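Input: a single structure, listed below in structure tokens.
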Amino acid sequence: MRFNKYFLYALLIIFNLVWILPIWPTILVACKTNIDFTRQAFWQLPTRMAFWENAVEAWTTAQLGIYFINSLLYGLAGSLGAILFSSLAGFALARLRLKGSYWWFLLIWSGTIFPFQMYVIPLFKFYNMWGLYDTRIGMILFYMAICIPFCVFIFRNYFITISFPIQEAATLDGCSSFGIYWRIFMPQAKPAIAVLILFQFTWIWNDLLFGMILTRSPLARPIMVGLARLQGFRAGTGTNVPALMAGAVLGSLPTILLFVGLLRYFIEGLRLSGAGE
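Using my numbering, count along the sequence shown one by one with no gaps and you end on 282.
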């Protein structure tokens, strides 16, 4: 029994090291000058700290500011919008005894079965037809739609676990269905909401494929497309890899800060789901 426990801890430590190990060379390269990067091995310490100048070059050369704002808008609006509509759908499917609610749930959940890449061509044609291509509202609508099936799955299964006597008591007190949803179920779903905000915001923030295909101008493109552009700004001299790594570090900060801010609710969500046992 004790051997199994130690073996499990050792396995977790190895997995964590494998997961965290790429972060160290990324930060190390981001702190080097371009000369240090070309002359040193990647694991060697820089001769002087150059992270700030690399970050400034990445921010100004690729104009990351507008991309940063776009991704922040998409991440917040897309994840929060998806959570709002998904929580309403999840409550209806779990609590309102709709006819065929289980089949409606399977229909919505089936949106996660197919790979997202198969939507690219029809979505591109649809966006061109309706004037949504290269617009912020088009990107927000896409991210909301792509996040809804998974969010409905989480909310529906979470709301089923809440005892029916609570809902019945609220109904006897004259509370409407929307009142029960908003005043009773949503406050109890804070851990699930925190987990969904973290997952969906991170997915939207890290998206590159749809950001490149559905947008063309910097006014609508997300941060990952801006970072990809850094590789093409030094034609003839090659990519400034330290500046690219500094931009990648800057681009990682919002998701890191979001995780730290929602950590308490995230752990509570894992505990309630049984994953933290």
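Heads up, the beta-carbon is just placed ideally off N, CA and C, and yes, glycines get one too. Owing to the predicted nature of the structure, the values given are computational and were not obtained by experimental measurement.
Given a cut-off of 8 Å on the beta-carbon distance, is the pair residue i and residue j in contact?
i	j	result
L232	G256	yes
R226	N75	yes
L219	F131	no
M149	G86	yes
N9	A35	no
M250	S92	no
G266	A67	no
I189	I171	yes
L201	I88	yes
Q193	C156	no
V246	F12	no
R330	D139	Limits of the chain in this structure are 6 at one end and 282 at the other, which puts residue 330 out of reach.
I32	V254	yes
T176	T260	no
F90	I153	yes
For my contact list, residue i and residue j are in at a C-beta cut-off of 8 Å; report their separation, rounded to the angstrom.
i	j	result
W57	P30	Not a contact, Cβ separation roughly 19 Å.
L203	L263	6 Å
G83	I145	6 Å
I209	Y79	5 Å
L235	A248	6 Å
E273	P196	4 Å
Inset, instruction - Return the chain-ordered ranges of every alpha helix (DSSP H) run that is complete within the segment 89–125 and spans a minimum of 4 residues. - result: 106–114
Inset, instruction - May I have a chain-ordered list of the alpha helix (DSSP H) segments no shorter than 4 residues that lie completely inside the segment 135–182? - result: 141–165 and 169–177
Inset, instruction - Assess, as a yes-or-no matter, whether the segment 154–173 is touched by the segment 109–119 under the definition of 3 or more beta carbon pairs within less than 8 Å. - result: yes
Legend entry - Unbroken stretches of the alpha helix (DSSP H), 4 residues or longer, contained in the segment 213–277: With a minimum length of 4 residues, the continuous alpha helix (DSSP H) runs that stay inside the segment 213–277 are 214–218, 228–234 and 246–266.
Inset, instruction - Determine, using beta-carbon pairs with one atom in the segment 116–124 and one in the segment 37–55, whether at least three such pairs fall under 8 Å. - result: no
Inset, instruction - Spell out a yes or no on whether the segment 164–171 and the segment 90–101 are touching, meaning 3 or more CB-CB pairs, one atom from each, closer than 8 Å. - result: yes
Inset, instruction - Just list the alpha helix (DSSP H) runs in the segment 7–61, keeping only unbroken ones of 4 residues or longer that don't cross its boundaries, in chain order. - result: Taken in chain order, the unbroken stretches of alpha helix (DSSP H) that lie wholly in the segment 7–61 and span 4 residues or more are 7–25, 28–35 and 39–44.
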